[in-house]
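Chains as they are written, first to last, in this note's numbering: chain Z, 35 to 236; chain A, -4 to 124. Ideal Cβ placement from N, Cα and C applies to all residues, glycine included. Note that this is a predicted model, so its numbers are computed, not measured. Take a look at the structure below.
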Amino acid sequence: MDIQTQRKWNRAAKNFDLMASKGAEWRWAPQKRALFSRMEGGILFLALGTGLDIAAFPPGKTITAIDISPRMLALAQARVEAYPGTITTHMMDVHDMPFAEASFDQVFTSCTFCSVPDPVAGLRALRRVLKPGGELFMFEHTGSHWFPFNVMMHLMTFMSKKIGPAMNRDTVANVRAAGFEIVEVENIFLDVVKTIRAVRPC
Amino acid sequence: MESRWYFFVGDIFANLVVGVVAGVACWLLVGPAWNMWLAMIIAMALGMLVAGLLFIPFSILFGAMEVMVPTMLSGMLAGMVVGMWCAMSAVSLSGAVLVGGASGLVGLAIVWGFHLILRGRVELARGDR
C-alpha cells in the first residue's frame, strides 16, 4: 500500500466534493454518461473517490469499485447505497490488487491516472485483471502536445502535484506502454480532457 | 467552444475577470522605470498567480480544465500586455482594466480556436477506422 498517496487523498477527501461536484461534474456529465453507458459484464471501477461518478453509471450493473483512500470511500457510501444496482467497494491500491488474473470484462477509470504515482505499473496491474480481449475505458485529463498548453500544464503540475493530480501526463502513451491496444481516443476539451478506449490483446 | 449557455457565459465571465484582475495587479506593480523585458516576465508570472487563485472559485462553478487552461493563458496574456505597457509609459487604471479584460477575452478565444481544431475523435484502430 502506497501510504503517502493514501494520506494525500485522505487529506483531499474533506473538500473533494466542494471542488469537484459542481462545475466539473456538470460539465463532464454528458461525456461520462456516454462512456459509462458501455458498461457490460464484470466491471472494475478504479478510484471511486467520493462516488461522484456513480450519478453517470447506467442502472442495474454489478460493479467492483476500489479506492486507495478510506476517507473517500466513507464519503462515497451514501451514493453507493443509492445506486440502483450493486457496487461493492474495496480499499485497495491499484498496484496491489488481490484479484485473480483475468477477473474482469471491463475496467473503467475517471480522472485517475493523473494521480497514480507509477501510471504504467498501475495500468499493467489493470491489464493483468482484465480478461484477454477485455476493454479499458478511461475518462482522463492529460498533458497537451500543443504550445502553449504543454508548457502551462508542466508549470501547473509543480503546484498541483503536491495536493492532488499531475497535469502533464501522457496517458495515451502510458496505456500503450502498459501493453494495451488503443481502440479509440476522443478529445473532449482541447487534447487535455479525453476518453480512451483500449483492449487487452488476446 | 461550449454550447451550453451556462458554461459559455461562465467561461467569458471567468476570463474577463482574470484578465481585469491580472491587468490591475500588474498596473499596481509595474512602473515606467522598469525594464520592459523584466516587467514582461514578472507580470506574466503575476498574471498566472492571479489566475491560479481565481481558478478556485471559478472551477467550483464552471468546471476544471475548461476553466484552468484558458484562465491561465488569459492571466499570462493580460500580465504580459499590461506589464509591458506600464513599463513603456504612464497607464491609467481604466486603461489597465480595459486592456486586461480584452486580453482575457483574447486568451479565451485562442483556447476556443484550438479546441475547435482538436476536439473529437483523434485515433481509431481495430477496424473502426
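Residue i Cβ short of 7 Å to the ligand GDP heavy atom set
{"i": "Val77 (chain A)", "result": "The model on display carries no ligand, and the ligand GDP is accordingly not part of it."}
Residue i, enclosing alpha helix (DSSP H) - first and last residue
{"i": "Gly57 (chain Z)", "result": "Gly57 to Phe70"}
{"i": "Phe8 (chain A)", "result": "Trp0 to Leu24"}
{"i": "His237 (chain Z)", "result": "Only positions 35 to 236 of chain Z appear in the structure, and residue 237 (chain Z) is not among them; the question remains open."}
{"i": "Glu115 (chain Z)", "result": "Pro104 to Ala116"}
{"i": "His188 (chain Z)", "result": "Phe183 to Ile197"}
{"i": "Ala47 (chain Z)", "result": "Ile37 to Ala54"}
{"i": "Arg203 (chain Z)", "result": "Unbroken run through Arg203 (chain Z): none, as it is neither H nor E."}
Run of the beta strand (DSSP E) containing residue i, from where it starts to where it stops
{"i": "Val219 (chain Z)", "result": "Glu215 to Phe223"}
{"i": "Ala99 (chain Z)", "result": "Thr96 to Asp101"}
{"i": "Arg231 (chain Z)", "result": "Val227 to Val233"}
{"i": "His124 (chain Z)", "result": "Thr120 to Met125"}
Beta-bridge pairing of residue i - partner residues as DSSP gives them
{"i": "Asp152 (chain Z)", "result": "Beta-bridge pairing links Asp152 (chain Z) to no other residue."}
{"i": "Gln140 (chain Z)", "result": "Z:Ile77 and Z:Glu169"}
{"i": "Arg116 (chain A)", "result": "Z:Glu220"}
{"i": "Thr66 (chain A)", "result": "According to DSSP, which records beta bridges pairwise, Thr66 (chain A) is partnered with nothing at all."}
{"i": "Asp174 (chain Z)", "result": "The question names Asp, but residue 174 (chain Z) in the sequence shown is Glu. Z:Lys228."}
{"i": "Leu49 (chain A)", "result": "Paired residue(s): none; Leu49 (chain A) is not in a bridge."}
{"i": "Leu164 (chain Z)", "result": "Z:Phe138"}
Test: residue i CB closer than 8 Å to a CB of chain D
{"i": "Met67 (chain A)", "result": "Absent here is chain D; the protein component of the structure consists of chains Z and A."}
8 Å Cβ cutoff met for residue i and residue j
{"i": "Leu164 (chain Z)", "j": "Leu157 (chain Z)", "result": "no"}
{"i": "Leu80 (chain Z)", "j": "Val114 (chain Z)", "result": "no"}
{"i": "Gln65 (chain Z)", "j": "Phe173 (chain Z)", "result": "yes"}
{"i": "Asn221 (chain Z)", "j": "Leu113 (chain A)", "result": "yes"}
{"i": "Asp204 (chain Z)", "j": "Gly167 (chain Z)", "result": "no"}
{"i": "Val206 (chain Z)", "j": "Val227 (chain Z)", "result": "no"}
{"i": "Ala212 (chain Z)", "j": "Val150 (chain Z)", "result": "no"}
{"i": "Val106 (chain A)", "j": "Leu68 (chain A)", "result": "yes"}
{"i": "Asn224 (chain Z)", "j": "Val13 (chain A)", "result": "Residue 224 (chain Z) is actually Leu in this sequence, not Asn. No, they are not a contact pair."}
{"i": "Ile121 (chain Z)", "j": "Ala89 (chain Z)", "result": "no"}
{"i": "Pro27 (chain A)", "j": "Ala85 (chain A)", "result": "yes"}
{"i": "Gly83 (chain Z)", "j": "Gly119 (chain Z)", "result": "no"}
{"i": "Ile55 (chain A)", "j": "Lys56 (chain Z)", "result": "yes"}
{"i": "Ala59 (chain A)", "j": "Gly99 (chain A)", "result": "no"}
{"i": "Phe138 (chain Z)", "j": "Ile216 (chain Z)", "result": "no"}
{"i": "Val77 (chain A)", "j": "Trp22 (chain A)", "result": "yes"}
{"i": "Met75 (chain A)", "j": "Met31 (chain A)", "result": "no"}
{"i": "Asp152 (chain Z)", "j": "Met35 (chain Z)", "result": "no"}
{"i": "Gly42 (chain A)", "j": "Gly70 (chain A)", "result": "yes"}
{"i": "Phe57 (chain A)", "j": "Ala9 (chain A)", "result": "yes"}
{"i": "Ala63 (chain Z)", "j": "Gly198 (chain Z)", "result": "no"}
{"i": "Val25 (chain A)", "j": "Gly95 (chain A)", "result": "no"}
{"i": "Gln140 (chain Z)", "j": "Ile102 (chain Z)", "result": "no"}
{"i": "Met73 (chain Z)", "j": "Pro104 (chain Z)", "result": "no"}
{"i": "Ala17 (chain A)", "j": "Val45 (chain A)", "result": "yes"}
{"i": "Ala110 (chain Z)", "j": "Thr123 (chain Z)", "result": "yes"}
Proximal residues of chain A, C-beta to C-beta of residue i below 8 Å
{"i": "Met106 (chain Z)", "result": "Going along chain A, no residue has its Cβ under 8 Å from Met106 (chain Z), so there is no contact; the nearest lies around 17 Å."}
{"i": "Cys193 (chain Z)", "result": "What sits at residue 193 (chain Z) in the sequence shown is Met, not Cys. Neighbours of Met193 (chain Z) on chain A, chain order: Gly47."}
Interface residues of chain A facing residue i [CB-CB closer than 9 Å]
{"i": "Met186 (chain Z)", "result": "Met43, Met63, Val64, Met67, Leu68 and Met71"}
Per-residue contacts from residue i into chain Z (C-beta, under 8 Å)
{"i": "Gly14 (chain A)", "result": "Correct list: empty, because the minimum Cβ distance to chain Z is about 16 Å."}
{"i": "Phe57 (chain A)", "result": "Gly57 and Arg61"}
{"i": "Gly115 (chain A)", "result": "Glu220 and Asn221"}
{"i": "Met75 (chain A)", "result": "Result: empty, since nearest Cβ-Cβ is about 11 Å, beyond 8 Å."}
{"i": "Ser54 (chain A)", "result": "Met53, Gly57 and Ala58"}
Per-residue contacts from residue i into chain Z (C-beta, under 7 Å)
{"i": "Leu88 (chain A)", "result": "The contacting residues do not exist; Leu88 (chain A) stays about 28 Å from chain Z at best."}
{"i": "Phe2 (chain A)", "result": "Arg61"}
{"i": "Ser98 (chain A)", "result": "Those do not exist, as Ser98 (chain A) stays about 14 Å from chain Z at its closest Cβ, beyond 7 Å."}
{"i": "Ser60 (chain A)", "result": "Before going further, note that residue 60 (chain A) is Met rather than Ser in the sequence given. Residues of chain Z passing the Cβ test: His175, Phe223, Val226 and Val227."}
Interface residues of chain A facing residue i [CB-CB closer than 7 Å]
{"i": "Met131 (chain Z)", "result": "What Met131 (chain Z) touches in chain A: nothing, since even the nearest Cβ is about 26 Å away."}
{"i": "Met73 (chain Z)", "result": "Simply none; closest approach about 19 Å."}
Residues that residue i contacts on chain Z, provided the C-beta gap is smaller than 9 Å
{"i": "Ser(-2) (chain A)", "result": "Chain Z residues near Ser(-2) (chain A): none, gap ~10 Å exceeds 9 Å."}
Using a Cβ cut-off of 7 Å, which residues of the stretch 166 to 184 of chain Z contact any Cβ in chain A, in chain order?
-> His175, Trp180, Pro182 and Phe183
May I ask you to list, following chain order, the residues of the stretch 216 to 228 of chain Z that have a beta carbon less than 9 Å from some beta carbon of chain A?
-> Within the stretch 216 to 228 of chain Z, the qualifying residues are Ile216, Val217, Glu218, Val219, Glu220, Asn221, Ile222, Phe223, Leu224, Asp225, Val226, Val227 and Lys228.
Interface residues of the stretch 35 to 67 of chain Z facing chain A [CB-CB below 8 Å] = Leu52, Met53, Ala54, Lys56, Gly57, Ala58, Trp60, Arg61 and Trp62
Between the stretch 100 to 113 of chain A and chain Z, which residues of the former have CB atoms less than 8 Å from a CB of the latter, in chain order?
-> Val106, Phe109, His110 and Leu113
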